[in-house]
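Report on the structure given below.
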Amino acid sequence: MTSQSSKNLLRILVSHYSLPALESLLSHSADMSMELLDADNQVPGVEFDIALISRDVTATSTKQKIIPSTQKFYDLLLGSSKLKWVQIHSAGADRQIYLDLMSRGVRVTGSSGVNAPVVTQNAIAGILMLARKFPQMMKAQAQCKWDPLINYPLPPDLAGQSAVILGRGPIGEGIAEVLNVFGVRTIMIGFHSSLKDRSDNSKNMRHISELDQVLPQAQWLVIACPLSQETKGLVNRQMLTLLPAGAHVINIARGEIPVEEDLIGALKSGHLAGAYLDVFAVEPLSTSSPLWSMENVIVTPHSAGHSAGNEKRVLQLFVENLRLFSNGKHLKNSINPS
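Quick note on this note's numbering: the sequence shown kicks off at -1 and runs consecutively.
If you want it as structure tokens, here you go:
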């Protein structure tokens, strides 16, 4: 796998955690000349061509709060003048480090689709828990209280309800597919200009410009789109008001897409019946946030994409892209700097 004499030797920075699994995947890649660098043993200024930012590198770091081990890896990236390409574990590349790298011409590839199965599962779990009043029953359990649903207005069946899904990527499509099985009508919202001139009625796809027309039909608004200039603050008070009373919001995308203050207001007023939120405008979520104590809100700490299987899929995608890079071909999931 490694040939120090090769003029085309690729030096690749990886985390100490990911190194053994990556070495195993590359053990049969005799056609590629490379050297894997354990990030734990490097100092700023070391030169390399490629880097893999696996889930363990970002770890518990957020966009606002970066832990020392993550910052050390970032410093290695910023210190290499020869860095050409970075593969990241997430679908989105909205962390400042990625923007900085792209601004200096470094290619960044994401992992769109890799985490779609587990993020889809989380979104569906949140929908089912809210639909079947699990937060209410779990509160009763914590109080050792036998409080069956028959004591309250019974929840409506999911079958026959409608869900508007912001985003028509692998996660949005996965959520729609499962909801359809439950008898939920789904309307997927896309952002590509080609959808302006035609709507695919067979798949219930609409352009973002039609969002205000379909929201009044939706008992569920699922946010599953990337963060961009177009989507930041998209779900605001005006949009939430268009939802029928008693609707729910699911966010497994990015915390900056809804206006958090407006979302909290709609939940407090009772206009929204509940929400499942895995992401927040500022992370970690402040202990003073009212979202923590709302009985109709499920809060999870940006964990929808975490699974052992997801880590393996990221490594497999990286190896596939590495082969493409070595052969001078277009990389999968390239992220546009704009």
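Glycine included, every Cβ here is placed at the ideal spot set by N, Cα and C.
Item	Value
Anticipated Cβ contact below 8 Å, A251 with L219, distance rounded	Their Cβ separation, rounded to whole angstroms, is 11 Å, which puts A251 and L219 out of contact at 8 Å.
When R130, I187 and P242 are compared against P151, the one with the closest alpha-carbon	R130
Contact check, L156 vs V182, beta carbons under 7 Å	yes
Given 8 Å, three or more beta-carbon pairs between the stretch 273 to 282 and the stretch 254 to 263	yes
Span of the alpha helix (DSSP H) around E309	A306 to S324
The alpha helix (DSSP H) enclosing T68, as first and last residue numbers	P66 to G77
Buried versus exposed call for I333 [16 or more other C-beta atoms within 10 Å across all chains shown]	buried
At least three beta-carbon pairs within less than 8 Å, the stretch 115 to 135 to the stretch 298 to 308	yes
Simplified DSSP state of P18, which is helix, strand or coil	helix
is_contact[G170, chain D] using C-beta, thresh 7 Å	Given the protein chain composition of this structure (a single chain), no chain D is represented.
Inter-residue Cα distance where the pair is M237 and V212	11 Å
Element boundaries [beta strand (DSSP E), containing A273]	L270 to L275
Residue range of the alpha helix (DSSP H) that includes S101	Q94 to S101
Outcome for V162 when other beta-carbon atoms lying within 10 angstroms are tallied against a minimum of 16	buried
The stretch 307 to 320 in contact with the stretch 73 to 81 per 3-pair CB rule at 8 Å	no
Alpha carbon of E175 to alpha carbon of A37, nearest angstrom	40 Å
Distance between R105 and N325 (C-alpha atoms, nearest Å)	16 Å
Where S31 sits in the DSSP three-state scheme	coil
Euclidean distance between Cα positions of M292 and Q227	30 Å
CB contact flag (A305, V112, <7 Å)	Checking the displayed sequence, the identity of residue 305 turns out to be Ser instead of Ala. Result no, Cβ atoms of S305 and V112 do not sit closer than 7 Å.
Reduced DSSP category for A216 - H, G, I as helix; E, B as strand; rest coil	coil
Spatial distance of Q2 from S31 (CA atoms)	Confidence in Q2 is poor, its pLDDT being 45 and thus under 50, which makes the residue's placement too unreliable to answer from.
Alpha carbon of F71 to alpha carbon of G272, nearest angstrom	39 Å
First through last residue of the alpha helix (DSSP H) which encompasses Q85	From DSSP, Q85 is part of no alpha helix (DSSP H) but of the beta strand (DSSP E) over W83 to I86.
Within 7 Å, strictly: CB atoms of M186 and G167	no
Which of helix, strand or coil DSSP assigns to S1	Only weak support is given to the placement of S1: the predicted model assigns it a pLDDT of 44, under 50, and the question is left unresolved by the model.
Cα-Cα separation between L147 and K310, rounded to whole angstroms	41 Å
Where Q141 falls, given that 16 or more other Cβ within 10 Å makes a residue buried	exposed
C-alpha gap between N234 and L261, whole angstroms	7 Å
Straight-line Cα distance separating K82 from P42	16 Å
Endpoints, the beta strand (DSSP E) within which S160 is located	S160 to L164
Residue of I48, V44 and L126 minimising C-alpha distance to L99	I48
Same chain only: Cβ atoms within 6 Å of P18, ignoring 5 sequence neighbours per side	none
Per-residue DSSP class, three states only, for G263	helix
Reduced DSSP category for V233 - H, G, I as helix; E, B as strand; rest coil	strand
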